[in-house]
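So the sequence shown is residues -18 to -1, 1 to 260, counted in mature numbering (1 follows the signal peptide of the UniProt record, and there is no 0). Here a beta-carbon is modelled for each residue, glycine too, at the ideal position from N, C-alpha and C. Nothing here was measured: the structure is a model prediction, and the numbers come from that model. Have a look at the structure below, then the notes.
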Amino acid sequence: MKFFTSILLLLTVTVASAEELTLMSYNIRLDLASDAPNNWDNRKEQLAAQVVITSPDILGIQEGLPHQVSFLDEQLADYSYLGVGRDDGKSAGEFSALFYRKDKYKILDSGTFWLSDTPDEPSFGWGASYRRICTYAHFKNKESGNSYWVFNTHLDHQVAAARLNGVKLILDRISKNVSEGEQYFLMGDLNATPDLAPIKLISKSMIDGHRHSKTPSFGQTGTMNNFDTQTVPSRRIDYIFSSRSAGAPDRFGTLSDLVDGRFISDHFPVVATFTLQD
């Protein structure tokens, strides 16, 4: 009897240490009047509602201008966010912000660096058309005590060298910040399909959630729709990668919701759910 009680206690401890984590990466498309009728004011309510009903633990956005980030901050009442504008390191330009459940997490560390040779100050890197950033945080689950790192980025859309060097810098920062055995994730709009060098490089050390989900990935393969509802998108450029210590996701999905005949953004958000062990 004592033996079985010990086994039951062990199983209880094992189950208690498991944690489900849902990540969502979303290029929300910056606010451009020229996008009409797909401009921000015509889709922002539905975008916020989509996030709420998806209910990620951590959301990484790309292309968020300050007023877009402020709107999401108001609408996502259960979340706080981290991040800075890429143009000045404060509030100018696009954010690659991380929204997280404020009741669930304590922030152990966080920051933003620029994808350039001078990563600690606002700067352009390797011929990129815009300043590019990576925002990261070290999260600790207040209940389980588990901790993990999340890195969120938006690579350049024009210059291949900027994308590859940006990935090299991110992986270098990961190696310097993350201790051996710690769990970490990299997500964002990487502006590169799986056959290209930046994705191949990441895949050497991390797990592509879409490709290696433990259950079949849901939804479209392509993630960039350009607001075109008549063509099936083929380019997969939005990703959620996990460290080998975190493992492959249990589930992965690409959300291609139409609202009143229109897409909510020019990218589909991607979502991955993991079961993490302490």
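Cβ-Cβ distance between residue i and residue j below 9 Å
{"i": "I43", "j": "N173", "result": "no"}
{"i": "L58", "j": "I222", "result": "no"}
{"i": "D171", "j": "L137", "result": "yes"}
{"i": "L54", "j": "L64", "result": "no"}
{"i": "L47", "j": "F77", "result": "yes"}
{"i": "R226", "j": "T197", "result": "no"}
{"i": "T255", "j": "Q202", "result": "no"}
{"i": "T36", "j": "P251", "result": "yes"}
{"i": "F209", "j": "D17", "result": "yes"}
{"i": "S224", "j": "P231", "result": "yes"}
Top-ranked residue by Cα proximity to residue i, from the options
{"i": "H192", "options": "G67, V253, P19", "result": "V253"}
{"i": "N207", "options": "S161, E1, Y8, L3", "result": "Y8"}
{"i": "S187", "options": "P215, D210, E125, V149", "result": "V149"}
{"i": "S199", "options": "K182, V34, R218", "result": "R218"}
{"i": "T211", "options": "L14, L240, H194", "result": "L240"}
{"i": "T94", "options": "F209, L12, I156, D13", "result": "I156"}
{"i": "S92", "options": "F106, E164, V66", "result": "V66"}
{"i": "R71", "options": "F106, D242, D154, D60", "result": "Per the sequence shown, the amino acid found at residue 71 is Gly instead of Arg. The shortest C-alpha separation from G71 is found at F106."}
Sequence-distant residues of the same chain with beta carbon closer than 8 Å to residue i, five excluded per side
{"i": "N121", "result": "Looking at the sequence shown, residue 121 is not Asn but Phe. Cβ within range, chain order: I40, Y82, Y87, K88, I89, L90, S129, Y130, W131, V132."}
{"i": "H139", "result": "S111, N173"}
{"i": "V34", "result": "Q57, L58"}
{"i": "L146", "result": "A179, P180, L183"}
Local Cβ density within 10 Å of residue i, reported as buried at 16 or more and exposed below that
{"i": "T117", "result": "buried"}
{"i": "F245", "result": "buried"}
{"i": "Q50", "result": "buried"}
{"i": "V247", "result": "First, the residue type needs correcting, since residue 247 is Ser and not Val in the sequence shown. Flag for S247 reads buried."}
{"i": "T205", "result": "buried"}
{"i": "P19", "result": "exposed"}
{"i": "A15", "result": "exposed"}
{"i": "E45", "result": "buried"}
{"i": "A143", "result": "exposed"}
{"i": "A242", "result": "In the sequence as displayed, the identity of residue 242 is Asp instead of Ala. Exposed: under 16 other Cβ atoms inside 10 Å."}
{"i": "D154", "result": "exposed"}
Beta-bridge pairing of residue i - partner residues as DSSP gives them
{"i": "R233", "result": "T255"}
{"i": "T4", "result": "T255"}
{"i": "H194", "result": "In DSSP, H194 forms no bridge with anything."}
{"i": "H120", "result": "D91, W131"}
{"i": "S225", "result": "M188"}
{"i": "D171", "result": "H136, D220"}
{"i": "S62", "result": "Y82"}
{"i": "H49", "result": "Beta-bridge pairing links H49 to no other residue."}
7 Å Cβ shell around residue i - same chain, five flanking residues per side excluded
{"i": "residue 342", "result": "Not covered by the structure: residue 342. The range shown for the chain is -18 to 260."}
{"i": "L29", "result": "I10, I246, S247"}
{"i": "K124", "result": "K86, Y87, K88"}
{"i": "W22", "result": "D13, Q50"}
Heavy atom of the ligand FMN within 8 Å of residue i beta-carbon
{"i": "D138", "result": "No copy of the ligand FMN occurs in the structure displayed, which carries no ligand at all."}
Neighbourhood of residue i by C-beta, 6 Å cutoff - its chain only, sequence neighbours within 5 removed
{"i": "H194", "result": "A230"}
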